[in-house]
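In the UniProt record's numbering, the protein residues as written are 1 to 303.
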Amino acid sequence: MEKKFKISILTPTYNRAELLKRLYSSLVKNCKENLEIEWLIMDDGSKDETKIVVENFLKEDFIKIKYQYQENQGKMAAINHLVPQATGDVIIECDSDDYFTENAFEIVESEYKKVKDKEKFYALCFLKYDQNFQNLGKEFPKSETTMFDLYFKEGEDGEKALVFFTPIRKKYHYELEKNERFITEARMFHKMDEDYQILCVNKPIMICEYQKDGYTKNILKQFRENPNGYYFYFKEILQKNMKGVSFQKRLYTIKHYILFYTLTKRKGILKEIYGLWNKILIVLLYLPGKIVTKIKFSRKKSE
């Protein structure tokens, strides 16, 4: 008897009881005989009816659910805690305000079986749509790439849905700095890129709805509260081979490197930075960047 394909869904949540119902419904719609779904939920200190809502899911007994609670440690710590517990063939990190298309897991299983024995891939990468079924990014120009190349060399600037191969995903974690609670997922992706690739599939599997109080909507707040992680993220980019990276992306990276260098009050701005052009641009932009950062962030803090 063939072993069932198993998917582990990891969801960190905070005060999203109503939205969890929609995600749960999309999981149930994806249930089929030869598929096993495991949903690991980390409640990050919700004050709404999240626990009651999940208890009702458990009573219905359509899918395997494991609910856990932590006191306001943040999304990344939640995922770091859940990943070692995952037992599926693949792992999908799904926010509570996202949900799946009706045939998502059928597509995932089909694409996974094509490459499951190829050790060079760490994830399948699919399209993500908004609620109007509009692509939140661009279609993939090539099937095999890395997340760094996709966003820094191939022109992608939107969102994608990643399906990680579990054994590889468990080798990595989100690196949080100095008691910070958030870091961009891309920092971990870039480390995975050093040893593996992603396989891109031009099919949507996930629908996204942005919330007014979500991470994306409050990016300046995230910058201010988590500057050390972002500093290392942009510094690590400037230590990569930037050949093929557009000038616009290079400039974006350097501006943000200066921003977080200033916010974290570090010394030695050129230390461990690779590439002559990177160093020239940092020298040219440092003073105006420092002034803009101090004006912008001191104003926001006082508002």
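Glycine included, each C-beta is placed from N, C-alpha and C at the ideal position.
Helix, strand or coil: which one does DSSP assign to residue i?
i: residue 123; result: strand
i: residue 5; result: strand
i: residue 266; result: coil
i: residue 332; result: The question about residue 332 has no answer, for the chain in this structure spans 1 to 303.
i: residue 285; result: helix
i: residue 162; result: strand
i: residue 129; result: strand
i: residue 274; result: coil
When the Cα atoms are used, what is the spatial distance from residue i to residue j?
i: residue 210; j: residue 102; result: 20 Å
i: residue 303; j: residue 278; result: Bear in mind that a pLDDT of 47 at residue 303, under 50, signals an unreliable position, so the number given afterwards is only what the model happens to contain. Residue 303 and residue 278: Cα-Cα distance of roughly 34 Å.
i: residue 282; j: residue 184; result: 22 Å
i: residue 105; j: residue 72; result: 31 Å
i: residue 21; j: residue 36; result: 19 Å
i: residue 4; j: residue 88; result: 10 Å
i: residue 304; j: residue 10; result: This structure cannot settle anything about residue 304, because the visible part of the chain is limited to 1 through 303.
i: residue 57; j: residue 135; result: 30 Å
i: residue 289; j: residue 140; result: 34 Å
i: residue 224; j: residue 255; result: 15 Å
i: residue 259; j: residue 31; result: 46 Å
i: residue 272; j: residue 64; result: 47 Å
i: residue 151; j: residue 208; result: 19 Å
i: residue 192; j: residue 172; result: 8 Å
i: residue 98; j: residue 206; result: 7 Å
i: residue 127; j: residue 244; result: 24 Å
i: residue 204; j: residue 265; result: 42 Å
i: residue 188; j: residue 227; result: 16 Å
i: residue 8; j: residue 155; result: 30 Å
i: residue 33; j: residue 274; result: 53 Å
i: residue 230; j: residue 86; result: 28 Å
i: residue 179; j: residue 80; result: 14 Å
i: residue 249; j: residue 222; result: 21 Å
i: residue 38; j: residue 108; result: 15 Å
i: residue 29; j: residue 61; result: 14 Å
i: residue 94; j: residue 53; result: 18 Å
Throw me the rounded Cβ distance for the residue i and residue j pair, which I believe falls under 8 Å.
i: residue 146; j: residue 197; result: 6 Å
i: residue 100; j: residue 27; result: 7 Å
i: residue 42; j: residue 181; result: Contact flag wrong, Cβ pair sits at about 13 Å.
i: residue 148; j: residue 240; result: 7 Å
i: residue 234; j: residue 177; result: Residue 234 to residue 177, Cβ: 13 Å. No contact.
i: residue 137; j: residue 160; result: 6 Å
i: residue 163; j: residue 124; result: 4 Å
i: residue 236; j: residue 190; result: 7 Å
Relative to the C-alpha of residue i, which candidate in the options has its C-alpha closest?
i: residue 2; options: 239, 113, 159, 151; result: 113
i: residue 40; options: 48, 276, 244, 78; result: 78
i: residue 286; options: 257, 273, 205; result: 257
i: residue 142; options: 93, 110, 201; result: 201
i: residue 92; options: 23, 175, 276, 221; result: 23
i: residue 69; options: 97, 14, 166, 262; result: 14
i: residue 116; options: 188, 59, 165; result: 165
i: residue 118; options: 227, 266, 163, 199; result: 199
i: residue 295; options: 262, 67, 251, 275; result: 262
i: residue 238; options: 276, 188, 265; result: 276
i: residue 12; options: 59, 34, 83, 62; result: 83
i: residue 110; options: 52, 90, 218; result: 90
i: residue 47; options: 158, 60, 17, 80; result: 17
i: residue 242; options: 153, 95, 38; result: 153
_Length at least 4, wholly inside the region 165-231: the alpha helix (DSSP H) runs in chain order_ = 166-169, 186-193, 219-225
_Ranges of the alpha helix (DSSP H) found wholly within the UniProt domain "Glycosyltransferase 2-like" (8-108), counting only runs of at least 4_ = 17-29, 50-60, 75-82
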